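Be aware that the sequence shown starts at 1, since it is given in full-length UniProt numbering, and climbs by one per residue.
Data block below; observations after.
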Amino acid sequence: MDEELIIVTAPNEAGRKFIKLLIYLKRPFAVLTNNAKEERELKKLGATQMIRIDTNDTGDWVVPEHRIGRIYIFENSLNLTCRYLQICRSWTSRPIYVITRADNSPGIYRGLGANHIIHTLNGEVGFLLK
Numbered sequence: 001m002d003e004e005l006i007i008v009t010a011p012n013e014a015g016r017k018f019i020k021l022l023i024y025l026k027r028p029f030a031v032l033t034n035n036a037k038e039e040r041e042l043k044k045l046g047a048t049q050m051i052r053i054d055t056n057d058t059g060d061w062v063v064p065e066h067r068i069g070r071i072y073i074f075e076n077s078l079n080l081t082c083r084y085l086q087i088c089r090s091w092t093s094r095p096i097y098v099i100t101r102a103d104n105s106p107g108i109y110r111g112l113g114a115n116h117i118i119h120t121l122n123g124e125v126g127f128l129l130k
């Protein structure tokens, strides 16, 4: 049976640290991004599987062919985080985590399908993989 694929957005340093941890732990994952520059940077970091989506084109929002497990969205902006939640919620019945440093209303994210809102100042969220 295929192992579930973890999906991660990594628009900030906390997300990049999380990707390094996934690589170290040899967990199957794909990075969700909406631009080529970020995709190139994350490939240099060691990420091999990418899902690039035009977040403005709803016709481009197709479910990946892999079996999707947990989703970790590292917040960069309220708008982009909300868009990623709209895109990803239909991909899995597993939990979606939003990792944030901001004080944005968790109700917004929960309303769009996030199961857990993690507030962190230092970005250390490796405990989520246990």
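A virtual CB, placed ideally from N, CA and C, is assigned to each residue, including glycine.
The structure displayed is predicted, hence computed values, not measured ones.
Relative to the alpha-carbon of residue i, which residue among the options has its alpha-carbon at the smallest distance?
{"i": "S93", "options": "A114, K43, L22 and N122", "result": "A114"}
{"i": "C88", "options": "D60, S105, D103 and N76", "result": "D60"}
{"i": "R16", "options": "E4, L5 and A30", "result": "A30"}
{"i": "R27", "options": "I7, E39, E13 and K37", "result": "I7"}
{"i": "I71", "options": "T120, W91 and I53", "result": "W91"}
{"i": "F74", "options": "Y24, T33, L25 and K130", "result": "T33"}
{"i": "E124", "options": "E3, L78, E39 and N12", "result": "N12"}
{"i": "D54", "options": "A47, N76, Y84 and R40", "result": "Y84"}
For residue i, list the residues DSSP reports as bridge partners.
{"i": "Y97", "result": "Y72 and H116"}
Would residue i pass as an interface residue toward chain D - the criterion being a Cβ-Cβ separation below 9 Å?
{"i": "C88", "result": "Within the model displayed, chain D is absent; a lone protein chain is all it includes."}
With a threshold of 16 other CB atoms inside 10 Å of the CB of residue i, please say whether the residue is buried or exposed.
{"i": "T9", "result": "buried"}
{"i": "M1", "result": "Residue confidence is low: M1 scores 46 on pLDDT, short of 50, so the model does not pin down where it sits. Its coordinate-derived value is still stated next. Counting Cβ neighbours within 10 Å, M1 comes out exposed, since fewer than 16 surround it."}
{"i": "V63", "result": "exposed"}
{"i": "F127", "result": "exposed"}
{"i": "E38", "result": "buried"}
Can you round the beta-carbon distance between residue i and residue j to whole angstroms, since I take them to be within the 8 Å contact cut?
{"i": "A14", "j": "T81", "result": "Not quite, the Cβ-Cβ distance comes to about 13 Å (not below 8 Å), so this is no contact."}
Exercise for review: Enumerate, from N- to C-terminal direction, the unbroken alpha helix (DSSP H) stretches of 4 or more residues contained entirely within the segment 28–73.
Suggested key: 36–45
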